[in-house]
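Below is one structure, written out as structure tokens; comments come after it.
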Amino acid sequence: MSARTHDMGGAPAGPIDRSEPPVTLTEQRVDAMMALLREPPLGLFSTDAMRRAIEDLAPDVYLGSAYYERWCYAMRDLLVETGVLTDAEIADRLAAVQQRFETEGAPP
Amino acid sequence: MTTAHRHDRTHAHAATADHAPPGHEWEFLEIALRELLIEKRVLTAAAIQARIDAVEGATPIQGSRVVARAWVDPAYKARLLADGNAAVAELGYGFDGPKLVALENTPARHHMVVCTLCSCYPKPLLGLSPAWYKSREYRSRAVSEPRAVLAEFGTVLPEDVELRVVDSTADCRYLIIPLRPVGTEGWTETRLVDLVTRDSMIGVAPARTPQTDHGTDV
Numbered sequence: 009m010s011a012r013t014h015d016m017g018g019a020p021a022g023p024i025d026r027s028e029p030p031v032t033l034t035e036q037r038v039d040a041m042m043a044l045l046r047e048p049p050l051g052l053f054s055t056d057a058m059r060r061a062i063e064d065l066a067p068d069v070y071l072g073s074a075y076y077e078r079w080c081y082a083m084r085d086l087l088v089e090t091g092v093l094t095d096a097e098i099a100d101r102l103a104a105v106q107q108r109f110e111t112e113g114a115p116p
Numbered sequence: 123m124t125t126a127h128r129h130d131r132t133h134a135h136a137a138t139a140d141h142a143p144p145g146h147e148w149e150f151l152e153i154a155l156r157e158l159l160i161e162k163r164v165l166t167a168a169a170i171q172a173r174i175d176a177v178e179g180a181t182p183i184q185g186s187r188v189v190a191r192a193w194v195d196p197a198y199k200a201r202l203l204a205d206g207n208a209a210v211a212e213l214g215y216g217f218d219g220p221k222l223v224a225l226e227n228t229p230a231r232h233h234m235v236v237c238t239l240c241s242c243y244p245k246p247l248l249g250l251s252p253a254w255y256k257s258r259e260y261r262s263r264a265v266s267e268p269r270a271v272l273a274e275f276g277t278v279l280p281e282d283v284e285l286r287v288v289d290s291t292a293d294c295r296y297l298i299i300p301l302r303p304v305g306t307e308g309w310t311e312t313r314l315v316d317l318v319t320r321d322s323m324i325g326v327a328p329a330r331t332p333q334t335d336h337g338t339d340v
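Residue numbers (the working numbering), protein chains in the order written: chain G, 9 to 116; chain H, 123 to 340.
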């Protein structure tokens, strides 16, 4: 049995990019929301559930995504799993957000 | 927002560009999820911002203070090595949840930390982890060719120094106590704190030496 995608210890890989770009606002928000959803008083899901959601991403998504991008997809999946949001309302809102940017070019 | 910025998505990664348009699909998803969570009163914008501020304020200074204390106080160091969580709590630093294991570098043995499975890191002591710690390259190679990885960080470990790589998990985090630099005999604890870099507590670099202590790297 081969290792799952996240289990990458010992796998061949190239040189380490040691640059430290500043964390973007989007990344900060994902980090903050994930913490607030996970911790008391909300406690919607555990740290282990969050890790499992990240590890369950399709291999091409996992490997092709930035770190907090994976968190964002995992957060979406966990919010649907826990019944906080539905796939349909997320899809609708995502389309609306994209439409808004196309027509207005900026957040409200 | 100027017209010129409207379709210039390269700006999405500027950390301070609060109103730059998203440059990637997932950044729209972040907006959609956040709006829905706020509308449904699951979260508030104020709580999200407060959390961001708290994370931004976290630096490796607490870890540096723990190490400096261990350097000057052998009894404290013994307690830190025996029970990391309790020892950092003595200094007023909360480390709840995962077990905290402190490991001491010696002239004969060096330790470095990785999380091969994800990004586990002693955040309460060191702040947010650097991007490279979470990278595929570091996670993969730290356990298969650690000396080569250390060399990329400018740390060339003599062959006769044993190297132990420790793999963090959700339940166990590591803090490395780097070697106290020579030439710091008689230094105060406060002065020593400045020598204890983040990278030295991850184990990819030694502590600063008195000669290099002019303080721009982290």
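For each residue, glycine too, the CB sits at the ideal point set by N, CA and C.
Distance, Cα to Cα, Ser-290 (chain H) vs Val-164 (chain H)?
-> 32 Å
Determine the direct distance from the alpha carbon of Thr-111 (chain G) to that of Pro-246 (chain H), and round the result to whole angstroms. 42 Å
**Request:** With DSSP collapsed to three states, give me the class of Arg-269 (chain H).
**Result:** helix
Please check the pair Arg-269 (chain H) and Leu-285 (chain H), which I expect to be a contact at CB under 8 Å, by giving their CB distance rounded to whole angstroms.
-> In this structure, Arg-269 (chain H) and Leu-285 (chain H) form a Cβ contact; the two beta carbons are roughly 6 Å apart against a cut-off of 8 Å.
Open item on the list: Let me see if you follow: with CB-CB separation under 8 Å, is Ser-290 (chain H) close to chain G or not?
Closed with: Judged by the 8 Å Cβ criterion, Ser-290 (chain H) is not in contact with chain G.
- Item | Cα-Cα separation, Pro-23 (chain G) to Arg-60 (chain G) | 28 Å
- Message: Among G:Ala-96, G:Ala-66 and G:Phe-53, whose alpha-carbon lies nearest the alpha-carbon of Met-83 (chain G)?
- Response: G:Phe-53
- prompt: For a contact meaning CB atoms closer than 8 Å, what does Phe-150 (chain H) contact in chain G?
  reply: Leu-102, Val-105, Gln-106 and Phe-109
Under 8 Å between C-beta atoms of Leu-301 (chain H) and Asn-227 (chain H):
yes
Next item on the list: Would you kindly work out how many angstroms separate the C-alpha atoms of Asp-90 (chain H) and Leu-225 (chain H), rounded to a whole number?
Entry: Here chain H covers residues 123 to 340 and nothing more, so residue 90 (chain H) does not appear.
Worksheet entry | Sub-8 Å separation of Arg-231 (chain H) and Val-283 (chain H) beta-carbons | yes
Using a Cβ cut-off of 8 Å, which residues of the region 231-254 of chain H contact any Cβ in chain G, in chain order?
-> Val-236, Thr-238, Leu-239, Cys-240, Ser-241, Leu-250, Pro-252, Ala-253 and Trp-254
Got a sec: is the Cβ-Cβ distance from His-133 (chain H) to anything in chain G below 8 Å? Confidence at His-133 (chain H) is low in this model, with a pLDDT of 37, below 50, so the placement of that residue should be treated as unreliable; the coordinate-derived value is given next. Closer than 8 Å: no.
query = Counting pairs of beta carbons, one from the region 212-220 of chain H and one from the region 145-160 of chain H, are three or more of them closer than 8 Å?
reply = As far as the Cβ criterion goes, the region 212-220 of chain H does not touch the region 145-160 of chain H, which means the pair count is below three.
Notebook entry, point to check: Would Ala-96 (chain G) be called buried (16 or more neighbouring beta carbons within 10 Å of its own) or exposed?
Noted result: exposed
Beta-carbon of Met-123 (chain H) versus every beta-carbon of chain G: anything under 8 Å?
Annotation note: pLDDT 36 at Met-123 (chain H) (below 50); position unreliable, coordinate value reported separately. Yes, contact with chain G.
> By a C-beta neighbour count over all protein chains shown, 10 Å radius and 16 as the cutoff for buried, is Ala-329 (chain H) buried or exposed?
Replying inline: buried
**Prompt:** Residue ranges of each alpha helix (DSSP H) run of no fewer than 4 residues wholly in the region 131-218 of chain H, ordered along the chain?
**Reply:** Every alpha helix (DSSP H) stretch that sits fully inside the region 131-218 of chain H and reaches 4 residues is listed by chain position as 147-161, 167-179, 183-194, 196-204 and 206-212.
Fill in: Closer than 8 Å at the beta carbon, the chain H residues around Leu-44 (chain G)
Leu-165, Ala-169, Ile-170 and Arg-173
Per DSSP, what kind of secondary structure is Cys-294 (chain H) in: helix, strand or coil? strand
Worksheet item: Where does Arg-231 (chain H) fall in DSSP's three states?
Response: Residue state, collapsed to three classes: strand.
query = Which value, in whole angstroms, describes the spacing of the CA atoms of Pro-244 (chain H) and Ala-264 (chain H)?
reply = 18 Å
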